[in-house]
Amino acid sequence: MKAIRRFTVRAVLPENLSALEEIAANLRWSWHEPTRELFARISPDLWQQVRHDPIALLGAVEPSRLQELAGDQGYVDWANHIRDDLRSYLGEPRWYQSLGSDAPQTIAYFSPEFGIAATLPQYSGGLGILAGDHLKAASDLGVPLVAAGLFYRSGYFSQAISPDGWQLESYPVLDPDGLPLSVLRNPDGSPVQISLALPDGVLHARVWQAAVGRVTLLLLDTDIPDNEERLRSVTDRLYGGGGEHRLLQELLLGVGGVRAVKAWTELTGAPPAEVFHTNEGHAGFLGLERISDLIGEGLTFDQALQVVRAGTVFTTHTPVPAGIDRFDRALVQRYFSTSLLPGVSADEVLPLGAEDYPGGSPDVFNMAVMGLRLGQHANGVSQLHGDVSRHMFNGLYPGFDPQEVPIDSVTNGVHAPTWTDPMLRALALERLGTEDTTHADWGNASAVTDLDLWGVRNRMREQLVQDARRRLEAAWAEQNPGGISPAWMDDLLDPNVLTIGFARRVPTYKRLTLMLHDPDRLRRILTDPERPVQFVIAGKSHPADDEGKRLIQKLVQFASENDIRQRMVFLPDYDIGMAQLLYPGTDVWLNNPLRPLEACGTSGMKAALNGALNLSILDGWWNEFYDGENGWAIPSADAAGDGAERDALEAEAMYDLIEHQIAPRFYDRDADGVPAAWVARIRHTLATLSSPLSAERMVREYVERLYLPAAGYESRLTTDDYAGARSLADWKTRVKAAWPGVAVAHVDAGGLDAVPQVGDELHVRALVQLNGLSPDDVEVQVVYGRSQEGDELVDVHRQALTVDTSVPGTHDASVAHEFVGTVRLAWAGSFGYTVRVVPVNPYLLTPAELGLVTTAS
Ligand SMILES: *Cc1c(COP(=O)(O)O)cnc(C)c1O
1 MKAIRRFTVR AVLPENLSAL EEIAANLRWS WHEPTRELFA RISPDLWQQV
51 RHDPIALLGA VEPSRLQELA GDQGYVDWAN HIRDDLRSYL GEPRWYQSLG
101 SDAPQTIAYF SPEFGIAATL PQYSGGLGIL AGDHLKAASD LGVPLVAAGL
151 FYRSGYFSQA ISPDGWQLES YPVLDPDGLP LSVLRNPDGS PVQISLALPD
201 GVLHARVWQA AVGRVTLLLL DTDIPDNEER LRSVTDRLYG GGGEHRLLQE
251 LLLGVGGVRA VKAWTELTGA PPAEVFHTNE GHAGFLGLER ISDLIGEGLT
301 FDQALQVVRA GTVFTTHTPV PAGIDRFDRA LVQRYFSTSL LPGVSADEVL
351 PLGAEDYPGG SPDVFNMAVM GLRLGQHANG VSQLHGDVSR HMFNGLYPGF
401 DPQEVPIDSV TNGVHAPTWT DPMLRALALE RLGTEDTTHA DWGNASAVTD
451 LDLWGVRNRM REQLVQDARR RLEAAWAEQN PGGISPAWMD DLLDPNVLTI
501 GFARRVPTYK RLTLMLHDPD RLRRILTDPE RPVQFVIAGK SHPADDEGKR
551 LIQKLVQFAS ENDIRQRMVF LPDYDIGMAQ LLYPGTDVWL NNPLRPLEAC
601 GTSGMKAALN GALNLSILDG WWNEFYDGEN GWAIPSADAA GDGAERDALE
651 AEAMYDLIEH QIAPRFYDRD ADGVPAAWVA RIRHTLATLS SPLSAERMVR
701 EYVERLYLPA AGYESRLTTD DYAGARSLAD WKTRVKAAWP GVAVAHVDAG
751 GLDAVPQVGD ELHVRALVQL NGLSPDDVEV QVVYGRSQEG DELVDVHRQA
801 LTVDTSVPGT HDASVAHEFV GTVRLAWAGS FGYTVRVVPV NPYLLTPAEL
851 GLVTTAS
């Protein structure tokens, strides 16, 4: 019998254990090991069963056990101590509090998904986990972040694998009452309600709040009686429906999210948010809600746009065009032709997402393009991805080189306390005096010996093997109710065998099945009598992606063959809980995407934080961190003729590395059974990567390189009743209108001998028509570099020319202006130059921002 409805009854705790309730209500328990130990002590078995969920534990534990603990003064003191520790964590000054008063006092962070703990499955993969790690690190650093997202009734989906290897999805409905969430309420106790005027009815949402350490996460939920039936399902699933459903979710996330943040700041007395950060373009509509607010304060659309741009940070996450949300333009038009955003008309919205560049589609509204137009501060998520993004969006900045496209990069990081195995943290604490593994002195081989490191690595592998067996037994039991599992399942995997891990979502570019390229060779690798290798694999395919499901099937079928089934397993239902044991338990973390389609990739970072070595294509983060000692690089066959050849070459290279480099080193043991050369790499990995791969490093970078500048730019535009915004909007209008008439009329150069030598000076003089603009509105630059075939410049340098006031007539705007300057020839060989004009203004971050440039022809 299935229940039609389900709810959770919270336990009544004995009074002297009330601290447990306070502690369970803050998700800090998800990364704070001492808190987890406190809960585990209540009932270690139950703690396992409820998958480390304090609220479920308190709901399930026998009242008599609670009574017993209430009588145990030692336990009561321990609980109170943890509660006091939580309170001081929440209140004490941390890193951010040392930054001074210019630092923004509230930063709003938007994301369509948040992966914080296995018990709050509001994520599908990397983007969500990153958002969760961002909040946790922000909390640790004291960054005053408030986050906005959606509460999906069924989260993403839960994965099972059919006997013939096909992915089966199910959508267990979550009960918010059983989660660490509370309703955001007005002072009179009524729930705060967010409403959006849609073309045929009003969409209402309630707001759940989750405490992630010091950070509040607001999640909007449309499954409330006030909504018409069809609107209740807007937040049913993460990435569930297509077109219109998705648009509704994104309107709610962006517009509704800003409204929720405003309600929250007003209710809590927190200062209004100054900086808005959108994690990928899905939340991009947030800028429109802010524009609407500013119009309400008397600004025009263009003036408001300047303010919003200045204070908005847009992080792009995908170099795959299919990963970008693109809506039917007509649909967007329909939704903005309502009173959804007072003062903002559809005609003003549509150009923001228009693909009005070569190759763009006129019928499409592109969320990433809008992200760049509404956010002055943009970044990719690794150095390589920054570069790829600058190329990808170059069309928005015609005439500029890709290097000039205003997209920076901040390489992702991962939250070390969440992702470092407690055994490794305990080792650091015991031997290095700190459980902060990202700052521990791993190089100190007398404090932490090779044997220590190897011992802990062995235990983590053992733990993974046990967990994998448990999961596969459970999956088997699910499919064969009442049956007895076959004996070979009892010794699936081997705790002493070199273990390669591979887990990720399954879009084609990640090439889940590359390892199957030469099945016989893989078989030999797995079953090598002296140096066997085992693979632990996991991953979910998007429910609508049958191609991805076929890849999973291919892998599962291969892995079920008799001779290898104990060496290769596919674990169903990849999630945070599995990942926390998987990364530490693997010796080698494999990643073989098609370069450069992996924007960053974070699973390999999590593996590295646990001393696993990476074996990866030089893509994403690995491209900037691989140093020859911390793992292995699979060379990418960029020059291959076609995809198949490329796969073949890269797969062969991967097999070669496993056979000739990895396995021999792993099995080369000293008298103590320790693989010294391997452990040296583990030590090197921990010592050099833990800190730069941490989310703490990442969030500091966001603060210093993006949030602080964004707050500064925005505040300069808003002071004196938005004087800056008004003048910037006027200036842009003026510059855009005049630009078609701006021209480099003539360029002269002199000063060189017949045979120029290094050190000689080139005197450049350019005659420029400014069409009514003043010389202060522009910068005239000589652009020079090595000149190549086709006159393409490389190693480009730019130098500003100055107005030559000695020439009569220069100040008469109807006449062309003379600009002059000198370039020193700094290298021998080919030299080329040109002259160009770009708009400049102190409120612009870079001259490329307006996409206006005029070059000498
Ligand atoms: C880290 C993580 C991911 C993302 O890993 P990538 O390497 O970016 O693909 C996905 N799912 C889970 C559960 C994770 O922990």
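So in full-length UniProt numbering, spot 360 of the sequence shown is number 360, and the numbers just go up one at a time. Every residue gets a Cβ at the ideal spot worked out from N, C-alpha and C, and that includes glycine.
Entirely within the segment 314-395 and at least 4 residues each: give me those alpha helix (DSSP H) ranges in chain order.
The qualifying runs are 329-336, 346-349, 367-374, 383-392.
I'd like to know whether the C-beta atoms of Gly548 and Val506 end up nearer to each other than 8 Å.
Your numbering for residue 548 matches position 548 in the sequence shown. Your numbering for residue 506 matches position 506 in the sequence shown. In contact: Gly548 and Val506 (Cβ atoms closer than 8 Å).
Does the beta-carbon of Ser30 have 16 or more other beta-carbons within 10 angstroms, so that it is buried, or is it exposed?
As a position in the sequence shown, residue 30 is number 30, starting the count at 1. By the neighbour-count criterion, in which a residue is buried when 16 or more other Cβ atoms sit within 10 angstroms of its Cβ, Ser30 is buried.
Would Ile116 pass as a contact of His277 if the rule is Cβ separation under 8 Å?
Residue 116 sits at position 116 when you count from the first residue of the sequence shown. Residue 277 sits at position 277 when you count from the first residue of the sequence shown. No. Outside cutoff.
Exposure label - Ala848; buried when at least 16 CB within 10 Å:
For the purposes of this step, residue 848 is identified with residue 848 of the sequence shown, where counting begins at 1. So Ala848 ends up on the buried side.
What does the alpha-carbon distance come out to for the pair Leu196 and Arg94?
Residue 196 sits at position 196 when you count from the first residue of the sequence shown. Residue 94 sits at position 94 when you count from the first residue of the sequence shown. Within the model, the alpha-carbon separation for Leu196 versus Arg94 is close to 38 Å.
Any C-beta of chain C under 8 Å from that of Ala310:
Going by chain labels, chain C is absent from the structure shown, which holds only one protein chain.
Can you grab the Cα-Cα spacing for the pair Val853 / Asp133, in whole Å?
The residue you call residue 853 lines up with position 853 of the sequence shown. The residue you call residue 133 lines up with position 133 of the sequence shown. Rounded to the nearest angstrom, the two C-alpha atoms are 40 Å apart.
Since Asn379 contacts Val410 with CB under 8 Å, what's their CB separation in whole angstroms?
Residue mapping note: residue 379 aligns to position 379 of the sequence shown, counting from 1. Residue mapping note: residue 410 aligns to position 410 of the sequence shown, counting from 1. Right, the Cβ-Cβ distance comes to about 5 Å (below 8 Å), so this counts as a contact.
Would you call the CB atoms of Leu198 and Leu331 closer than 8 Å?
One-based indexing of the sequence shown puts residue 198 at position 198. One-based indexing of the sequence shown puts residue 331 at position 331. For Leu198 and Leu331, no; Cβs fall outside 8 Å.
Confirm the yes/no value for this check: CB of Gly125, any heavy atom of ligand 1, distance under 7 Å.
By 1-based counting over the sequence shown, the position of residue 125 is 125. Here the distance from the Cβ of Gly125 to the nearest heavy atom of ligand 1 is below 7 Å.
Rounded to whole angstroms, what's the CA-CA distance from Gly241 to Gln249? Just pull it up for me.
As a first step, residue 241 must be located in the sequence shown, where it is residue number 241. As a first step, residue 249 must be located in the sequence shown, where it is residue number 249. As the crow flies, the alpha-carbon of Gly241 is around 10 Å from that of Gln249.
Those residues which DSSP pairs with Tyr843 across a bridge
For the purposes of this step, residue 843 is taken as residue 843 along the sequence shown, with counting starting at 1. Looking at the DSSP output, Tyr843 sits in no beta bridge, so it has no partner there.
Reduced DSSP category for Arg280 - H, G, I as helix; E, B as strand; rest coil
Locating residue 280 in the sequence shown gives position 280, counting from the first residue. The question names Arg, but residue 280 in the sequence shown is Glu. The answer is coil: DSSP assigns Glu280 none of H, G, I, E or B.
Environment of Leu86 [buried if 16+ CB atoms lie within 10 Å]
Translated into the one-based positions of the sequence shown, residue 86 becomes position 86. With 16 or more other CB atoms across the displayed protein chains lying within 10 angstroms of its CB, Leu86 is buried.
Which same chain residues, not among the five before or five after Lys554, have their C-beta less than 8 Å away from its C-beta?
Position 554 of the sequence shown holds residue 554. Closer than 8 Å at Cβ, skipping near neighbours: Gly165, Thr513, Leu516.
Whole angstroms are fine: how far does the CA of Thr338 sit from the CA of Asp200?
Indexing the sequence shown from 1 puts residue 200 at position 200. Indexing the sequence shown from 1 puts residue 338 at position 338. Asp200 and Thr338 have their C-alpha atoms some 9 Å from each other.
Tell me whether the beta-carbon of Ala60 lies closer than 8 Å to the beta-carbon of Leu17.
Stepping through the sequence shown from its first residue, residue 60 is reached at position 60. Stepping through the sequence shown from its first residue, residue 17 is reached at position 17. Cβ distance not < 8 Å, so Ala60 and Leu17 don't count as in contact.
By alpha-carbon positions, which one of Arg471, Thr437, Gly851, Gln303 ends up nearest to Arg51?
Along the sequence shown, read from residue 1 onward, the residue named residue 51 stands at position 51. For Arg51, the nearest C-alpha among the options comes from Arg471.
Closest to Arg459 by C-alpha separation, out of Val448, Leu429, Met423, would be which residue?
The residue given as residue 459 occupies position 459 in the sequence shown. When each option's Cα is compared against that of Arg459, the closest is Met423.
Segment contact flag, the segment 665-679 with the segment 569-582, C-beta cutoff 8 Å, min 3 pairs:
Flag = no, the segment 665-679 and the segment 569-582 do not touch.
In the DSSP assignment, what are the bridge partners of Thr586?
Counting from 1 along the sequence shown, the entry for residue 586 is found at position 586. Partner residues in a beta bridge of Thr586, as assigned by DSSP, do not exist.
Can you tell me whether Tyr357 sits near ligand 1, meaning its C-beta is under 7 Å from at least one heavy atom of the ligand?
Position 357 of the sequence shown holds residue 357. No, Cβ of Tyr357 sits at least 7 Å from all heavy atoms of ligand 1.
Within 10 Å of its beta-carbon, does Pro63 have 16 or more other beta-carbons around it, so buried, or fewer, so exposed?
As a first step, residue 63 must be located in the sequence shown, where it is residue number 63. By the beta-carbon neighbour count (other beta carbons within 10 angstroms, threshold 16), Pro63 is exposed.
Close-in-space but distant-in-sequence residues of the same chain around Ala640 (CB under 6 Å, 5 per side omitted):
Counted from its first residue, the sequence shown places residue 640 at position 640. By the criterion of a C-beta distance shorter than 6 Å, Ala640 is surrounded in its chain by Arg646, Leu649, once the five residues flanking it on both sides are discounted.
Please go through the same chain and pick out, in chain order, the residues whose beta-carbon is closer than 7 Å to the beta-carbon of Ile564, but skip the five residues on each side of it.
Translated into the one-based positions of the sequence shown, residue 564 becomes position 564. Excluding positions up to five away in sequence, the list reads Arg523, Leu526, Thr527.
Quick check on Arg457: does DSSP put it in helix, strand or coil?
Here residue 457 corresponds to residue number 457 of the sequence shown, with the count starting at 1. Of the three classes helix, strand and coil, the one that applies to Arg457 here is helix, per DSSP.
Is it a yes or a no for the segment 264-284 touching the segment 110-125, going by three-plus beta-carbon pairs under 8 Å?
When Cβ pairs closer than 8 Å are counted between the two stretches, the segment 264-284 is seen to touch the segment 110-125, the count reaching three or more.
Which word fits Leu451, buried or exposed, when buried means at least 16 other C-beta atoms lie within 10 angstroms of its C-beta?
Along the sequence shown, read from residue 1 onward, the residue named residue 451 stands at position 451. It counts as exposed.
Pull up the distance between the alpha-carbon of His415 and that of Ala137, whole angstroms please.
Indexing the sequence shown from 1 puts residue 415 at position 415. Indexing the sequence shown from 1 puts residue 137 at position 137. Their Cα atoms are separated by approximately 6 Å.
Alpha carbon to alpha carbon, what distance is there between Val820 and Pro839?
To locate residue 839, count along the sequence shown from 1; it is residue 839. To locate residue 820, count along the sequence shown from 1; it is residue 820. So the two alpha carbons sit approximately 17 Å from each other.
State the Cα-Cα distance for the pair residue 927 and Glu789, rounded to the nearest angstrom.
Any question about residue 927 goes unanswered here, given that the chain covers just 1 to 857.
Cβ-heavy atom distance, Ile576 to ligand 1, below 7 Å:
Here residue 576 is taken as the residue at index 576 of the sequence shown, counted from 1. Closer than 7 Å to some heavy atom of ligand 1: that describes the Cβ of Ile576.
Three CB pairs or more closer than 8 Å across the segment 305-316 and the segment 718-730
Enough Cβ pairs lie closer than 8 Å, so yes.
Distance, Cα to Cα, Glu761 vs Arg824?
As a first step, residue 761 is located in the sequence shown; it is residue number 761 there, counting from the start. As a first step, residue 824 is located in the sequence shown; it is residue number 824 there, counting from the start. Roughly 5 Å between the two C-alpha positions.
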